[in-house]
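Following full-length UniProt numbering, the numbering of the sequence shown begins with 1 at its first residue and continues without gaps.
Built from N, CA and C at the ideal position, the CB exists for glycine as well.
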Amino acid sequence: MKKTFMRNEKIKLLFFYVLLFFAYTPLAGQETISSNADLAEFDLGVRELETNYVGFPTSVTEQTRDQYEALKARCRQQVDKQGRKPWEALGELYAWFGDFHLRAGGYSQPYMRKVPTYEEMKEYNPTKTFRKVTDHTFLIRFPSCMGDDPTQEWVQQSIDAYLASGCENLIIDIRGNGGGTDDIFNPYEKLLYDRKGYVDGVEIRNTPAHIAEMAEIELDWLQQVVETMKKSQDEFVAMTPRQVAIAYDTIFPRPHQAALIIDGQVASAGEQMVLNLRSCSQRTTIYGRDNTKGCLDYSNCRGVNLPQSGITLYIPMTRSCRLPDRGIDQTGIAPDVRIPLPLPETLTDNVDEWTRWVTKELEKKIN
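In structure tokens, the structure reads:
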């Protein structure tokens, strides 16, 4: 049976596995795998990395190959001679690339660069909500693009409530939004759109495994990409134009001003929302204290289960046309305005100190 896949009709950008889950549940039998099976799992993970990871050809260069090969050899020797589990060794090896999408279960996370977690707050649990902050400013807190909580229906409800409120200003707070799919934030994009924008397209590494993965997705335009991949000798094949237009037929008169609040946990599709709005909405200003996480240059992960342990490897298939000169993974996306406040004590479904500060900034501009 073929898979079905949802597409953003405006952009055609795919995000299969973009919310980052680093939780790990132990699987029965992991501790009894033989040394030979351990080595086989490690070697399988290395083959997937080198053969299919879209970032491998540009990350392992003449300048970096010795460093990579030394790390690979050390990790393999530890699996072979010291009893290190292959998924732990693969976690370290994968983390060398600095790509949050590329991971061996939850075992890459300890080796990745550190990003803000906000553990110092009394409670950090951004939760969906929409409400008036004042008579002039409305808040929508949108903490996930996964589509289950909040749902697409909730997104539309939040927009309807805003339009009925009569408020001139709108704050969309996406703190904690680790990603999901573009489709769910498109209604916000349409609401805030006020000029034609452009975002970077993607290209896929042309490998037999990726051809097989794409062939299972029932989309005519994607099947055209598959046919191109089959015929091409190029290592990378375009899935979209290099620059993709964002254009709508309608410009909504409200909000007069909009704010998007970000933090260091905004990642993947959450970051795509930031880039889209920055491109197509002149009335939207990005506020935050920290840059976003930096997890968008490589995406569209193919999941591969290790045969003995069952742990899943996530191998990004596509790369952004931002690369190599305008990547965001090493830095994240900076806000337009830095919020000059300490972290709020609590972030749930409340109106916190940052929201009140941004509200005051917006209302300074009301005539």
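message: If I follow the unbroken alpha helix (DSSP H) through Tyr68, where does it start and stop?
response: Here residue 68 corresponds to residue number 68 of the sequence shown, with the count starting at 1. For Tyr68, the uninterrupted alpha helix (DSSP H) run begins and ends at 65-81, by DSSP.
- prompt: Can you tell me the Cα-Cα spacing of Cys321 and Arg242, whole angstroms?
  reply: Translated into the one-based positions of the sequence shown, residue 321 becomes position 321. Translated into the one-based positions of the sequence shown, residue 242 becomes position 242. Between the alpha carbons of Cys321 and Arg242 lies a distance of about 6 angstroms.
Unbroken beta strand (DSSP E) run spanning Gly303, endpoints: Against the sequence shown, residue 303 aligns to sequence position 303. Judged by DSSP secondary structure, Gly303 falls within the beta strand (DSSP E) whose first and last residues are 298-305.
task: Identify the continuous alpha helix (DSSP H) that holds Asn169 and give its terminal residues.
output: On the sequence shown, position 169 is the one that residue 169 refers to. Note, Asn169: premise wrong, no alpha helix (DSSP H); beta strand (DSSP E) at 169-173.
- request: Following the continuous alpha helix (DSSP H) through Phe56, name the residue where it begins and the one where it ends.
  value: Counting from one through the sequence shown, the residue named residue 56 turns up at place 56. In the DSSP assignment, Phe56 falls within the alpha helix (DSSP H) that extends over 56-59.
field: the segment 116-123 contacting the segment 330-339, beta-carbon criterion three pairs below 8 angstroms
entry: Too few Cβ pairs lie closer than 8 angstroms, so no.
query: CB-CB under 6 angstroms to Glu41, same chain, minus the five flanking residues each way: which ones, in chain order?
result: Residue 41 sits at position 41 when you count from the first residue of the sequence shown. Closer than 6 angstroms at the Cβ level, and outside the excluded window around Glu41, lie Pro86, Leu306, Gln308.
query: Looking at C-alpha atoms only, which residue of Thr359, Tyr314, Lys365, Asp160 is the closest neighbour of residue 392?
result: Here the chain comprises residues numbered 1 to 367, so residue 392 is not present and cannot be evaluated.
message: Rounded to whole angstroms, what is the Cα-Cα separation between Arg47 and Gln265?
response: What you label residue 47 is simply residue 47 of the sequence shown in a count that begins at 1. What you label residue 265 is simply residue 265 of the sequence shown in a count that begins at 1. Near 31 angstroms, if we compare the C-alpha coordinates of Gln265 and Arg47.
message: Pull the bridge partners of Arg319 from the DSSP assignment, please.
response: As a first step, residue 319 must be located in the sequence shown, where it is residue number 319. Note: Arg319 sits in a beta bridge opposite Glu203, Tyr298.
- prompt: In the structure shown, what three-state DSSP assignment does Phe142 receive?
  reply: By one-based count along the sequence shown, residue 142 stands at place 142. Three-state DSSP puts Phe142 in coil, outside helix and strand.
query: Which residues bound the alpha helix (DSSP H) around Gln156?
result: One-based indexing of the sequence shown puts residue 156 at position 156. Taken as a continuous stretch (DSSP letters only), the alpha helix (DSSP H) holding Gln156 covers 152-165.
- prompt: Would Ala247 be called buried (16 or more neighbouring beta carbons within 10 Å of its own) or exposed?
  reply: Locating residue 247 in the sequence shown gives position 247, where the first residue counts as 1. Flag for Ala247 reads exposed.
field: Thr331 (DSSP reduced to helix, strand or coil)
entry: Counting from 1 along the sequence shown, the entry for residue 331 is found at position 331. DSSP places Thr331 in coil when its eight states are reduced to three.
field: Whole runs of the beta strand (DSSP E) within the segment 214-271, excluding any shorter than 3 residues
entry: Every beta strand (DSSP E) of 3 residues or more that sits fully in the segment 214-271 is shown, in chain order, as 236-238, 243-246, 257-261.
Selected residue, minimal CA-CA separation from Glu237, among Ala245, Gln224, Tyr162, Val244: Taking the sequence shown and counting its residues from 1, the one referred to as residue 237 is at position 237. What sits at residue 237 in the sequence shown is Val, not Glu. Val237 has its Cα closest to that of Gln224, out of Ala245, Gln224, Tyr162, Val244.
- request: On a CA-only basis, which of Asn36, Gly45, Ala37 is nearest Gly303? Give me that one, please.
  value: Indexing the sequence shown from 1 puts residue 303 at position 303. Of Asn36, Gly45, Ala37, the residue nearest in Cα terms is Gly45.
message: Short of 8 angstroms in beta carbon distance, which residues of its chain neighbour Lys132, apart from the five on each side in sequence? Order them along the chain.
response: What you label residue 132 is simply residue 132 of the sequence shown in a count that begins at 1. Leaving aside the five residues that flank Lys132 on each side, the residues in its chain whose CB is nearer than 8 angstroms to its CB run, in chain order, Phe138, Leu139, Ser165, Cys167.
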